[in-house]
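Anchor point for the sequence shown: position 311 equals 463 in our numbering, and the numbering is continuous, going up by one each time. Note that the Cβ used here is the ideal one computed from N, Cα and C, for glycine as well. Source: prediction; values computed, not measured. Scroll down for the structure; my scribbles are underneath it.
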Amino acid sequence: MSVAYFETLNRLLAHAGTGQAQLLLDLDRLDENLAQLRAQLSAKCKIRIVVKSLASAALLQYIAQQLSSQRFMVFHFPHLQHIQTLFPQGDILLGKPMPIQALQQSDHQILGSQNIQWLIDSVERLNQYLHFAQSRQIQLRVNLEIDIGLHRGGFADESSFVKALQLIQANAPYLKLSGLMGYDAHVSKLPQPWFKPEIVFQRTQQRYQFFLQCLGKYFSEAELKDLCLNGAGSASFGLHQHGTVCNDLAVGSALLKPLDFELSALKAFCPAMWIAAPVLKVIPIVQLPEIPLWARLFRNQHAVFIYGGYWRGKCEYPEGVKPHALYGRSSNQEMLQLPKGCQIQIDDYVFIRPSQTEVIISQFAQLHVIRDMKLYAVWSTFRE
C-alpha cells in the first residue's frame with residue numbers, strides 16, 4: 153500500500169471522520185476483487201457468499217448484485233434470520249453443524265423453509281435431526297459434511313457415510329439430501345515448497361469423487377443432478393477453475409483480503425478494509441510506570457496513544473508503527489511506538505489492516521464506505 157493512499161484517507165477523515173475508531177471499506181478495491189473473482193470462476197460453478205466474513209446487510213446486497221448470486225453460507229444462527237429477511241428466495245447452506253438445541257428454539261419460518269441446507273457431520277447428529285423433524289412433522293434438507301483432507305470432522309469413511317445415506321432414504325418424509333460439503337482450506341495453507349497446492353488439491357478432489365461414487369449406489373442420476381456439491385473457500389477457490397467435481401464454491405474473505413489471506417493464491421486481490429483510529433496523545437519520550445531508571449533506554453522512543461486498540465491486525469500507516477513491547481496492550485487507549493522520524497499529530501489517524509474481517513466487523517456498528525477517496529455511504533453491520 154502506498155503512503156499517498158493513506159495520506160489521502162487521513163485528509164478525508166480530517167473533515168469527514170467521526171473522531172472515533174471506525175471501520176473503512178474501500179468500494180473501488182472491493183470492485184477490483186469482484187472482477188478478479190469473476191475472472192477466476194469456472195463456468196460450471198455457482199458462487200456462494202460467506203456471510204460471516206461480510207457481515208453487513210448493505211455489503212451483502214451489493215456483493216450479491218455484483219455476482220448475480222443469492223447463494224449464502226451462514227455460520228452464526230442470528231445471521232440465518234438476517235439472510236432470510238434480506239433474501240427471501242436465497243439458498244442458504246449452513247457452514248457448520250448446528251446443535252439440535254438451536255433448531256429447537258427456532259421459529260416456524262426457519263424450520264419450514266426449503267431454502268435452508270442443514271449441515272450434518274455424523275450419523276449421531278443426523279439421528280438427532282431426524283427425531284426432531286418427526287416430532288415437528290417437517291422435512292429438513294440436509295447436506296453431508298465430508299472430510300476430504302482437512303480433518304476437521306465430517307464423514308471420513310464409507311461405513312458411516314453409507315449409514316447416513318440409508319437413514320435419509322428410509323426417512324424420506326422427514327429428511328432430504330441436498331448435497332455434500334467438502335472444505336479444502338488446508339490446500340493453500342500448508343507450508344511450501346514441501347506441499348504443492350496443486351498436488352494436495354488433486355488429493356482432495358479424489359476424496360470428494362470417492363464420496364460421489366458412494367452416492368451413486370443409493371441415488372438415481374436424476375436425483376444426483378440437482379445436488380449442491382459445495383467446496384473451496386477464499387484460500388482455495390482459484391484451484392477449482394481448471395476442473396473440479398464441485399458445482400458450488402464458497403468465497404468471502406478474499407473480497408476484502410484481510411491480513412490472514414495474504415496468500416500466493418490471492419496475489420491478484422487487494423486489501424479493501426481498514427480500521428482507522430484517531431491519535432489522542434503524542435508522547436515525545438516513552439516512559440514506563442515506576443521504572444525511572446529505564447528512562448534512559450527509551451529517550452529516543454516516541455509513541456502515540458490511539459482511540460481503542462488491541463485489535464487483531466497490523467498497523468499499516470504510518471509505516472513501522474507497532475504496539476510497544478513493554479508497555480502492554482489496551483483496547484481502550486493503546487500505546488503505539490513510532491519509528492524514528494515519524495511525523496504524526498493528535499487527531500491524525502493510524503490505519504490498521506484486520507487479520508480477519510469476521511472478527512472485526514461485528515466490533516463496529518457501521519462500515520464507512522469510501523468511493524473515489526470520498527465518503528460514499530455508511531452501512532450498518534450485524535452486531536452478533
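Item, Value
"In or out: Gly-395 buried (at least 16 other Cβ within 10 Å) or exposed?", "exposed"
"Helix, strand or coil, according to DSSP, for Val-473 in the structure here?", "coil"
"Tell me the residue span of the beta strand (DSSP E) that contains Lys-433.", "425-435"
"So, at 7 Å on beta carbons, what are the nonlocal neighbours of Glu-184 in its own chain, with the 5 sequence-adjacent residues on each side left out?", "Cys-422"
"Express the C-alpha separation of Leu-327 and Leu-282 in angstroms, rounding to a whole number.", "7 Å"
"Going by Cα to Cα distance, which pick from Gly-383, Ile-496 and Gln-321 is closest to Ile-435?", "Ile-496"
"Leaving aside the five residues before and after Asn-323 along the sequence, list all residues of the same chain whose C-beta is less than 7 Å from its C-beta, in chain order.", "Leu-282"
"With DSSP as the reference, identify every bridge partner of Val-294, one or two as the case may be.", "Trp-270 and Leu-329"
"State the DSSP-derived secondary structure class of Cys-494, mapped to helix, strand or coil.", "coil"
"Determine the extent of the beta strand (DSSP E) in which Leu-176 is found, giving its start and end residues.", "174-178"
"Alpha helix (DSSP H) containing Cys-366: first to last residue?", "349-368"
"For Phe-413 and Ser-386, which I take to be in contact (beta-carbon distance under 8 Å), what is that distance rounded to the nearest angstrom?", "6 Å"
"Using 8 Å for Cβ pairs, my map puts Ser-388 next to Val-339. What's the rounded Cβ distance?", "5 Å"
"In the DSSP output, what is Tyr-459 paired with across the bridge?", "Gln-485"
"Under the rule that 16 or more other beta-carbon atoms within 10 Å means buried, what is Leu-478, buried or exposed?", "exposed"
"In terms of alpha-carbon separation, which member of Gln-489, Lys-248 and Glu-159 lies closest to Gln-439?", "Gln-489"
"Beta carbon of Trp-221, beta carbon of Ile-235: below 8 Å?", "The question names Trp, but residue 221 is Ser in the sequence shown. In this structure, Ile-235 does not lie closer than 8 Å to Ser-221 by Cβ."
"Going by C-alpha distance, which of Val-431, Ala-195, Pro-240 and Val-502 is nearest Leu-219?", "Ala-195"
"Hey, would you say Pro-251 sits closer than 8 Å to Leu-271, going by beta carbons?", "no"
"Check whether the Cβ atoms of Leu-411 and Ile-199 lie closer than 8 Å to each other.", "no"
"Using a Cβ-Cβ cutoff of less than 8 Å, which residues in the same chain neighbour Gln-269 once the five nearest sequence positions on both sides are dropped?", "Asp-243, Ile-244, Leu-245, Leu-246, Arg-293, Val-294, Asn-295, Ser-330, Gly-331 and Cys-380"
"Take the Cβ of Asn-484 as the centre, count every other Cβ of all protein chains shown within 10 Å, and call the residue buried at 16 or more, exposed below.", "exposed"
"Can you check whether the CB of Ile-512 is closer than 8 Å to the CB of Leu-212?", "no"
"Any idea what DSSP makes of Ser-532, helix, strand or coil?", "strand"
"Check whether the region 310-318 and the region 354-361 are in contact - that is, three or more C-beta pairs closer than 8 Å.", "no"
"Suppose you measure from the CA of Ala-187 to the CA of Ser-208; what does that come to, to the nearest Å?", "20 Å"
"State the Cα-Cα distance for the pair Asp-524 and Tyr-157, rounded to the nearest angstrom.", "11 Å"
"Only counting the same chain, and skipping five residues up and downstream in sequence, which positions put a Cβ closer than 6 Å to that of Ile-320?", "Leu-327 and Leu-329"
"For Ile-513, does the three-state DSSP call read helix, strand or coil?", "helix"
"Arg-464 and Gln-508 - do their beta-carbons sit closer together than 8 Å?", "yes"
"Figure out for me which residue from Asp-178, Ser-205, Lys-204 and Ile-215 has the closest Cα to the Cα of Leu-189.", "Ile-215"
"Enumerated in chain order, which unbroken segments of the alpha helix (DSSP H) with a length of 4 residues or greater are wholly contained in the region 166-235?", "179-192 and 209-219"
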